[in-house]
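Peer 1: Each number in our numbering comes from the position in the sequence shown (counting from 1) with 461 added on.
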Amino acid sequence: MMMKKTIWLWACLLAVVLLTVQVWASDADQTGKIQSTEDQPAFQYGSEWQTTTPEACGFDSEKLAEIPELIRSKNMGTTGLMIVVGGRVMYAFGDVEQVSYIASCRKSVLSMLYGKYVENGTIQLDETVGDLGIDDVGGLLPQEKLATVRDLISARSGCYHPASNPGGIPEGKVLERGVTEHGTKFVYNNWDFNVAGTVFEMKTKKSIYEAFDADLAKPLMLQDWELSRHKRTGDASKSIHLAYHFHLSTRDMAKLGELMLRNGKWNGEQLIPAEWIRESTSPVTPFPDGGGYGYLWWLESYAQFPDASRGAFSAYGMYGQRISVFPALDMVVAHKSAGNKKHPTRGSDYKALIRLILSAYEGPIRTETE
462 MMMKKTIWLW ACLLAVVLLT VQVWASDADQ TGKIQSTEDQ PAFQYGSEWQ
512 TTTPEACGFD SEKLAEIPEL IRSKNMGTTG LMIVVGGRVM YAFGDVEQVS
562 YIASCRKSVL SMLYGKYVEN GTIQLDETVG DLGIDDVGGL LPQEKLATVR
612 DLISARSGCY HPASNPGGIP EGKVLERGVT EHGTKFVYNN WDFNVAGTVF
662 EMKTKKSIYE AFDADLAKPL MLQDWELSRH KRTGDASKSI HLAYHFHLST
712 RDMAKLGELM LRNGKWNGEQ LIPAEWIRES TSPVTPFPDG GGYGYLWWLE
762 SYAQFPDASR GAFSAYGMYG QRISVFPALD MVVAHKSAGN KKHPTRGSDY
812 KALIRLILSA YEGPIRTETE
């Protein structure tokens, strides 16, 4: 009798263990990730991406199969698209290895580089342009020299000096200088962003590209990055603060987004301070639609999908260059287009693509405590 009771107890215990494992595995499959400490995947990233399936991530593969038709019907000019969920590639379209111009996504890359040097005190966000001895062609006005580094990286300097490269303030449009107090008004102006690049190089005594190579490209094992092809460019007769353009592949852009999603930690190494990521992706300038602008990052809001888009943010580049991060879905979307006027990806078309992706999600939404 005692033997039968013992066998019965062991059988019950085994059943409980098996049920627990089954539920755990089901949850991991459904969300496309295994929850672990510090919000890190339970695997090591390598140079090559690991892959997964839509169903394993809680997505409807039939819905995602509509993506190529959406791209074709809207003539989006998409050259590469990668959707990463739970640290693995769930969907890819086009040539994700092709290297091309990422346009204004460069600004978000600079924000990533800033974090380490702000934390260690090398860069002081409240130093002013005047404190740093920065000037420009024709001279800056006394009021313009009051702009802080924080103002520069949030596009609120109040300085409307011409930039060395077009973008932001339309060419031919002249904003009156010396009338806007720094920190009071958001104006997307390449002068701010280029000077932020000058500040970085001045304070760190490194070129932006050398810092990117050492601080991000090597630890992330970017596959298509070439340091030698990069240099600052622009019309120095307009402004001595040149642009810092980048050329990256879709799959390497996705790694940058994944690093942001992981709060700056990669394979156990804190490449970007987590606090900097939280600060840089918080609204300095809120927009009426629920989005906004932080420190060189655009904050996203999709009214149809308020839970799925909660906390989302993106790097934006002309003609459809994008890195979008959706923490609530543990998801990164990297998108590249031909990068020209003939085949641009309009902002509205990219948002339609994102809405399609979000509509394909059928799993649970992550809470902020997960």
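Backbone N, C-alpha and C define an ideal beta-carbon position, used for all residues, glycine too.
Determine the DSSP secondary structure at residue 488, reduced to helix, strand or coil.
Peer 2: Here residue 488 corresponds to residue number 27 of the sequence shown, with the count starting at 1. Because the pLDDT of residue 488 is 37, which lies under 50, any placement of that residue in the model is unreliable, and the number read from its coordinates should be weighed accordingly. In this structure, residue 488 counts as helix in the three-state DSSP scheme.
Peer 1: Would you say residue 525 and residue 552 are within 7 Å of each other, going by their C-beta atoms?
Peer 2: Reading the sequence shown from its first residue, position 64 is the one you call residue 525. Reading the sequence shown from its first residue, position 91 is the one you call residue 552. Result yes, Cβ atoms of residue 525 and residue 552 sit closer than 7 Å.
Peer 1: Buried or exposed for residue 505, going by 16 or more other Cβ atoms inside 10 Å?
Peer 2: On the sequence shown, position 44 is the one that residue 505 refers to. So residue 505 counts as exposed.
Peer 1: Residue 792: buried (16+ other C-beta within 10 angstroms of its C-beta) or exposed?
Peer 2: By one-based count along the sequence shown, residue 792 stands at place 331. With 16 or more other Cβ atoms within 10 Å, it is buried.
Peer 1: Quick check on DSSP: helix, strand or coil for residue 566?
Peer 2: The sequence position of residue 566 within the sequence shown is 105, counting from 1. If DSSP states are grouped into helix, strand and coil, residue 566 belongs with the helices.
Peer 1: Suppose you measure from the CA of residue 634 to the CA of residue 718; what does that come to, to the nearest Å?
Peer 2: On the sequence shown, residue 634 is found 173 positions in, with the first residue counted as 1. On the sequence shown, residue 718 is found 257 positions in, with the first residue counted as 1. The straight-line gap from Cα to Cα measures roughly 34 Å.
Peer 1: Can you give me the C-alpha to C-alpha distance between residue 596 and residue 606, rounded to a whole angstrom?
Peer 2: Residue mapping note: residue 596 aligns to position 135 of the sequence shown, counting from 1. Residue mapping note: residue 606 aligns to position 145 of the sequence shown, counting from 1. Their Cα atoms are separated by approximately 8 Å.
Peer 1: For residue 774, list the residues DSSP reports as bridge partners.
Peer 2: The residue given as residue 774 occupies position 313 in the sequence shown. 760, 786.
Peer 1: Does the Cβ-Cβ distance between residue 775 and residue 759 come in under 7 Å?
Peer 2: Working through the sequence shown from its first residue, we reach residue 775 at position 314. Working through the sequence shown from its first residue, we reach residue 759 at position 298. Yes, the pair counts as a contact, with Cβ atoms nearer than the cut-off.
Peer 1: Could you tell me the alpha carbon to alpha carbon distance between residue 530 and residue 638, rounded to whole angstroms?
Peer 2: Here residue 530 refers to the residue found at position 69 of the sequence shown. Here residue 638 refers to the residue found at position 177 of the sequence shown. In a straight line, the C-alpha of residue 530 is about 47 Å away from that of residue 638.
Peer 1: Let me confirm a value: residue 617 is counted as buried when at least 16 other C-beta atoms fall within 10 Å, else exposed. Which label applies?
Peer 2: In the sequence shown, the residue the question calls residue 617 occupies position 156. Flag for residue 617 reads buried.
Peer 1: Determine the direct distance from the alpha carbon of residue 680 to that of residue 824, and round the result to whole angstroms.
Peer 2: Here residue 824 corresponds to residue number 363 of the sequence shown, with the count starting at 1. Here residue 680 corresponds to residue number 219 of the sequence shown, with the count starting at 1. C-alpha separation (whole angstroms): 32 Å.
Peer 1: In three-state terms, what does DSSP make of residue 730?
Peer 2: Here residue 730 refers to the residue found at position 269 when the sequence shown is read from its first residue. Of the three classes helix, strand and coil, the one that applies to residue 730 here is strand, per DSSP.
Peer 1: Check residue 688 in the structure and name its three-state DSSP category.
Peer 2: Translated into positions along the sequence shown, residue 688 becomes position 227. Three-state DSSP puts residue 688 in a helix.
Peer 1: Do you know whose CA, among 517, 560, 541, lies nearest residue 549's CA?
Peer 2: Position 88 of the sequence shown, counted from the first residue, corresponds to residue 549. Taking only the C-alpha atoms, the option nearest residue 549 is 517.
Peer 1: Whole angstroms are fine: how far does the CA of residue 699 sit from the CA of residue 623?
Peer 2: Mapped onto the sequence shown, residue 623 falls at position 162. Mapped onto the sequence shown, residue 699 falls at position 238. Looking at the two C-alpha atoms, the distance is approximately 6 Å.
Peer 1: Would you report the Cα separation of residue 814 and residue 528, rounded to the nearest angstrom?
Peer 2: Walking along the sequence shown from the start, residue 814 turns up at place 353. Walking along the sequence shown from the start, residue 528 turns up at place 67. Computed Cα separation, rounded: 7 Å.
Peer 1: Within 10 angstroms of the Cβ of residue 565, are there 16 or more other Cβ atoms? Answer buried if so, exposed if not.
Peer 2: Taking the first residue of the sequence shown as position 1, residue 565 is located at position 104. Buried, because 16 or more other Cβ atoms sit within 10 Å of the Cβ of residue 565.
Peer 1: I need the straight-line Cα distance from residue 746 to residue 764, nearest angstrom please.
Peer 2: For the purposes of this step, residue 746 is taken as residue 285 along the sequence shown, with counting starting at 1. For the purposes of this step, residue 764 is taken as residue 303 along the sequence shown, with counting starting at 1. One C-alpha to the other measures close to 19 Å.
Peer 1: With which residues is residue 827 paired in a DSSP beta bridge?
Peer 2: On the sequence shown, position 366 is the one that residue 827 refers to. In the DSSP output, where bridge partners are listed per residue, residue 827 has none listed.
Peer 1: Please report how far the alpha carbon of residue 752 lies from the alpha carbon of residue 744, in whole angstroms.
Peer 2: Reading the sequence shown from its first residue, position 291 is the one you call residue 752. Reading the sequence shown from its first residue, position 283 is the one you call residue 744. Going by the C-alpha atoms only, they are around 8 Å apart.
Peer 1: Please work out which residues of its chain come closer than 6 Å, Cβ to Cβ, to residue 502, disregarding the five sequence neighbours upstream and downstream, and give them in chain order.
Peer 2: Residue numbering aside, residue 502 sits at position 41 when the sequence shown is read from its first letter. Closer than 6 Å at the Cβ level, and outside the excluded window around residue 502, lie 548.
Peer 1: On the three-pair Cβ rule with 8 Å, is the stretch 695-713 touching the stretch 649-666?
Peer 2: yes
Peer 1: Could you tell me whether the stretch 573-593 touches the stretch 661-671, using the rule of 3 or more Cβ pairs below 8 Å?
Peer 2: yes
Peer 1: Out of curiosity, what's the CA-to-CA distance linking residue 769 and residue 598?
Peer 2: Reading the sequence shown from its first residue, position 308 is the one you call residue 769. Reading the sequence shown from its first residue, position 137 is the one you call residue 598. Using only the alpha carbons, I get a separation of about 46 Å.
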